[in-house]
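Here the protein sequences line up with chains A and B, keeping their order. For the first sequence, our numbering gives the first residue as 2, with consecutive numbering after it. For the second sequence, our numbering gives the first residue as 189, with consecutive numbering after it. One structure below.
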Amino acid sequence: GSFRSQDSGPQPLELKEVFRLFQIQYNRTYSDPAEYARRLDIFAHNLAQAQRLQEQHEGAAQFGVTPFSDLTEEEFGQLHQRAAGGAPNMSRKVWSQERGQS
Amino acid sequence: TPASCDWRKKLGVLSPIRNQGNCKCCWAVAAAGNIEALWAIKYDSKSVEVSVQELVDCGRCGNGCTGGWVWEAFITTLNNSGLVSEENYPFKGNYKPQRCQAKRSKEKVAWIQDFIMLPEDENAIARHVATQGPITVTINMQLLQHYKSGVIKATDTNCDPRYVDHSVLLVGFGKKQVAASSPRRPTRATPYWILKNSWGADWGEQGYFRLQRGKNSCGITKYPITARVDKPVKPVSCPP
């Protein structure tokens with residue numbers, strides 16, 4: 002398919018052209034044609050996902066091409082997740098300063 | 189609680205946007221930003237930049253680039269009797285664990301008394317941010333992958349609030365007026381939080397993003413934690 006660029010007027014841009022601009026903007030190179038094809042596929046999936054989010058938000062927020070557009074959801078999680086295994090269970094203690102008791 | 193609060197508007201309170209790169213140290217960056225902001229507020233905009241790398245290297249496990257928690261950063265700060273400056277112990281952001289070099293430079297530029305967890309209540313969190321300063325929160329980062337600008341309206345389906353995996357600094361809040369769908373309808377307002385991320389200034393809204401307030405979006409109320417640089421004194425004033 003083709004995607005309409007948000008910034009360059011009414012001319013539709015081919016997916017590969019959008020991907021080429023992404024590679025230039027974020028300095029991405031891929032080791033071989035197979036890897037390029039895989040990343041292009043992920044990029045297309047992510048653009049569709051961004052478009053869905055954009056529609057859900059009805060103009061409140063903008064979603065689109067970001068530095069993470071060639072990563073799967075899992076890869077994005079692995080890149081930035083602060084800890085594996087989710088959050089620990091914690092209990093809260095409310096401290097009363099007046100009575101000095103927890 | 190005021191209607192809006194934005195600590196970005198007070199000069200010297202917030203340090204420049206950091207970029208954690210390939211190091212999973214959002215927890216350390218968020219904690220550092222919290223300490224820097226509170227220190228600047230306490231000492232009237234005398235800004236400091238503390239060492240994130242010290243937090244990464246000197247934690248109990250010494251491998252902070254593989255992930256951590258904000259409270260570990262505060263425990264490290266307490267154990268080290270403060271933090272050295274970013275300049276003296278610069279950020280390397282690599283995966284290889286380095287030996288803690290905190291003792292080499294003894295000149296601490298900021299320290300904390302203790303740290304606290306706030307209630308799971310967005311009104312109480314807003315009140316605290318407005319009267320005391322920025323705090324750290326840990327959220328589900330799922331919707332941030334494709335985010336560019338605006339107010340993220342998350343649902344429990346597309347951003348599970350029970351699963352939180354990314355720590356950031358909460359620096360303010362406000363309301364965005366949304367035009368009504370027809371002239372007869374009143375304009376709506378979407379309340380939002382302003383959050384400081386650690387993925388560089390090129391990401392999002394110059395490194396910041398906004399998330400809908402009042403709905404526990406992406407689990408923002410799960411771990412609202414802040415250091416204390418002083419005993420609670422008179423409230424400060426956040427720029428509206």
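We put the CB at the ideal spot given by N, CA and C, even for glycine.
Quiz item: Does DSSP put B/SER432 in a helix, a strand or coil?
Solution: No answer is possible for residue 432 of chain B: it lies beyond the span of chain B, which begins at 189 and ends at 428.
Quiz item: In whole angstroms, what separates the C-alpha of B/CYS193 from that of B/PHE303?
Solution: 22 Å
Exercise. Taking all protein chains shown into account, decide if B/LEU199 is buried (16 or more other Cβ within 10 angstroms of its Cβ) or exposed.
Key: exposed
Quiz item: Curious, which full-length alpha helix (DSSP H) runs of at least 4 residues does the segment 219-268 of chain B contain?
Solution: 240-246, 258-267
Quiz item: Exposed or buried, A/HIS81, counting other C-beta atoms within 10 Å across all chains shown (16 or more means buried)?
Solution: buried
Practice problem: Taking A/ALA51 as the query, report the chain B residues whose CB atoms sit under 8 Å from its CB, ordered along the chain. | Solution: HIS334
Practice problem: Excluding the 5 residues preceding and the 5 following B/VAL417 in the sequence, name in chain order all residues of the same chain whose CB lies nearer than 8 Å to its CB. | Solution: ILE223, LEU226, TRP227, LYS230, ALA298, TRP299, ILE300, GLN301
Quiz item: Which one of B/SER273, B/ASP245, B/ALA318 has the shortest CA to CA distance from B/ILE382?
Solution: B/ALA318
Practice problem: Using alpha carbons as the reference points, say which of B/THR414, B/ASP353, B/ARG376 lies closest to B/VAL359. | Solution: B/THR414
Quiz item: Would a check of beta-carbon distances place A/THR67 closer than 8 Å to chain B?
Solution: yes
Self-check item: Where A/ASN47 meets chain B, residues with beta-carbon distance less than 7 Å
Solution: HIS334
Exercise. Closer than 9 Å, Cβ to Cβ, to anything on chain A: give me those residues from the segment 310-337 of chain B, in chain order.
Key: THR326, MET329, GLN330, LEU331, LEU332, GLN333, HIS334, TYR335, LYS336, SER337
Quiz prompt | Element boundaries [alpha helix (DSSP H), containing A/GLY78] | solution = 74-81
Quiz item: Which word fits B/PRO423, buried or exposed, when buried means at least 16 other C-beta atoms lie within 10 angstroms of its C-beta?
Solution: exposed
Quiz item: Leaving out five residues before and five after B/GLU308 in sequence, what residues of the same chain have Cβ atoms less than 6 Å from its Cβ?
Solution: THR409
Quiz item: Does B/VAL240 get closer than 8 Å to chain A when you measure Cβ to Cβ?
Solution: no
Quiz item: Would B/CYS443 pass as a contact of B/ILE327 if the rule is Cβ separation under 8 Å?
Solution: Because chain B in this structure spans residues 189 to 428, residue 443 of chain B falls outside the shown range and cannot be described.
Quiz item: What does B/CYS193 reach in chain A if we use C-beta pairs closer than 9 Å?
Solution: The premise fails here: B/CYS193 is roughly 20 Å from chain A at the closest Cβ pair, so nothing lies under 9 Å.
Quiz item: Under 8 Å, do B/GLY247 and B/THR265 count as touching if we go by C-beta distance?
Solution: no
Self-check item: Helix, strand or coil at B/PHE279 according to DSSP, with G and I counted as helix
Solution: coil
Quiz prompt | Close-in-space but distant-in-sequence residues of the same chain around B/GLN289 (CB under 7 Å, 5 per side omitted) | solution = ASP245, TYR277
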